[in-house]
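Notes for the one structure printed next.
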Amino acid sequence: MKVLLTGAAGFIGFHLSKSLLEHGYEVDAIDNLNAYYDTKLKEDRLSILNKYSSFQFKKISLENKDDLFRFFMLSKPDYVIHLAAQAGVRYSIENPYAYVDSNLIGFINILEACRTYPVQHLLYASSSSVYGGNNTVPFSTNHNVDHPVSLYAATKKANELMAHTYSHLYKIPTTGLRFFTVYGPWGRPDMAYFSFTSKILEGEPIKVFNHGKMERDFTYIDDIVEGICRLVDKAPVGMEEWSDSVENMSTSFAPYKIYNIGNNKPVQLMKFIEALESALGREAKKEFLDMQPGDVLKTYADVSDLEEAIDFKPSTSIEKGLENFVKWYRNYYNK
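Following this note's numbering, the residues of the sequence shown are numbered contiguously, the last one being 994.
Here is the structure:
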């Protein structure tokens, strides 16, 4: 079976492509290789994927509808996994139009391509950030998510609404995946754990926002990939007798579904830093600061429906995950 995957040079896209290829899928992939962070890291990820004979890559921007449609026409994929997006909460405050171009215009182009060249299942990346100002934890896919606190979060909520519309109008099975703070080898340099590692090794102070009084549902990359792989051929079907009751918010009369993929065990930021210090064998110099705009106090995933659907839930400990990341980081950067 063939998968068309967007964002293949990205952190999750790289690991997922590699896993799909090793499971026997053909992967036709795109990425625009933008300079949001070090392009060499993206190119090095691609150099590994290009060694697989069943992997094909094309540099395309999602906003370029003609190039995207041509790629779909030639690929004829069975499944589409859409991971490409402009990421980052704080960057969305500084550069809002980048999120409109990639996350909104890019996503409507993906939906239109799936309508024009029908696929068995479209899976797309959403985010735990859609829970925004919600206070009830753990975050459930049946909770209301109408109070985002960043433009990034708003674009991800918009993606879910857009996907539902196309699932209803054109019967495209769509599954939205709300990822919770993904980390691990080959990760994104803009993520806190990555910059913390660099600064600790250089002897520079790390910035600890909200004085460390935050919790995150850190989810190891292998757990994210395992969850996605198990969902690829689990296309949702519409519920004939669907009702708009609270327990049905993540499903629909249309072939539509939303899942959380998180470790379902939030970790305090200071405990996370301690685990990283232990993996590095060094103590961090800490600069305690106030909360940043767009940030939230806590993320915590309820993954009960994911576990029911695919008999799996993320479980990698923060200690093991950071140990693996540090080993990769030291090897990749020779530190």
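We put the CB at the ideal spot given by N, CA and C, even for glycine.
Backbone CA spacing between residue i and residue j [nearest angstrom]
i           : j           : result
residue 916 : residue 857 : 38 Å
residue 809 : residue 819 : 16 Å
residue 802 : residue 910 : 12 Å
residue 850 : residue 793 : 23 Å
residue 767 : residue 881 : 29 Å
residue 706 : residue 754 : 30 Å
residue 845 : residue 704 : 8 Å
residue 725 : residue 806 : 35 Å
residue 981 : residue 886 : 20 Å
residue 761 : residue 687 : 20 Å
residue 736 : residue 679 : 14 Å
residue 902 : residue 823 : 15 Å
residue 905 : residue 967 : 18 Å
residue 778 : residue 992 : 40 Å
residue 741 : residue 749 : 22 Å
residue 892 : residue 734 : 18 Å
residue 681 : residue 759 : 34 Å
residue 732 : residue 773 : 10 Å
residue 963 : residue 800 : 10 Å
residue 933 : residue 723 : 44 Å
residue 709 : residue 738 : 20 Å
Extent of the continuous beta strand (DSSP E) to which residue i belongs
i            : result
residue 729  : That residue, residue 729, is in no beta strand (DSSP E); its alpha helix (DSSP H) goes 724-734.
residue 1005 : Look at the range of the chain in this structure, 660 to 994, and you will see that residue 1005 is not part of it.
residue 866  : 865-868
residue 783  : 780-786
For residue i, the nearest candidate out of the options (CA to CA)
i           : options               : result
residue 953 : 757, 965 and 811      : 811
residue 894 : 686, 943, 826 and 849 : 826
residue 861 : 962, 887, 942 and 725 : 942
residue 987 : 843, 821 and 711      : 843
residue 863 : 977, 772 and 945      : 945
residue 869 : 709, 922 and 950      : 950
residue 994 : 786, 859 and 852      : 859
residue 898 : 922, 912 and 700      : 912
residue 930 : 896, 978 and 710      : 978
residue 835 : 700, 681, 773 and 784 : 784
residue 721 : 714, 698 and 664      : 664
Under 8 Å between C-beta atoms of residue i and residue j
i           : j           : result
residue 770 : residue 832 : no
residue 744 : residue 666 : yes
residue 691 : residue 718 : yes
residue 837 : residue 907 : no
residue 847 : residue 670 : yes
residue 643 : residue 889 : Because residue 643 is not part of the residues shown, which for the chain are 660 to 994, the question remains open.
residue 788 : residue 815 : yes
residue 728 : residue 775 : yes
residue 662 : residue 684 : yes
residue 873 : residue 935 : no
residue 939 : residue 867 : no
residue 841 : residue 883 : yes
residue 730 : residue 764 : no
residue 958 : residue 798 : yes
Boundaries (first-last residue) of the alpha helix (DSSP H) holding residue i
i           : result
residue 742 : From DSSP, residue 742 is part of no alpha helix (DSSP H); its letter is neither H nor E.
residue 757 : 755-758
residue 939 : 928-939
residue 966 : 963-969
residue 980 : 977-992
residue 673 : 670-681
residue 766 : 765-775
residue 854 : 851-861
residue 899 : Per DSSP, residue 899 belongs to no alpha helix (DSSP H) and is neither H nor E.
residue 704 : 698-708
Bridge partner(s) assigned by DSSP for residue i
i           : result
residue 946 : 866
residue 687 : 663 and 715
residue 813 : For residue 813, which the question treats as bridged, DSSP gives no partner whatsoever.
residue 837 : 785 and 919
residue 738 : 662 and 780
residue 798 : 960
residue 878 : 841
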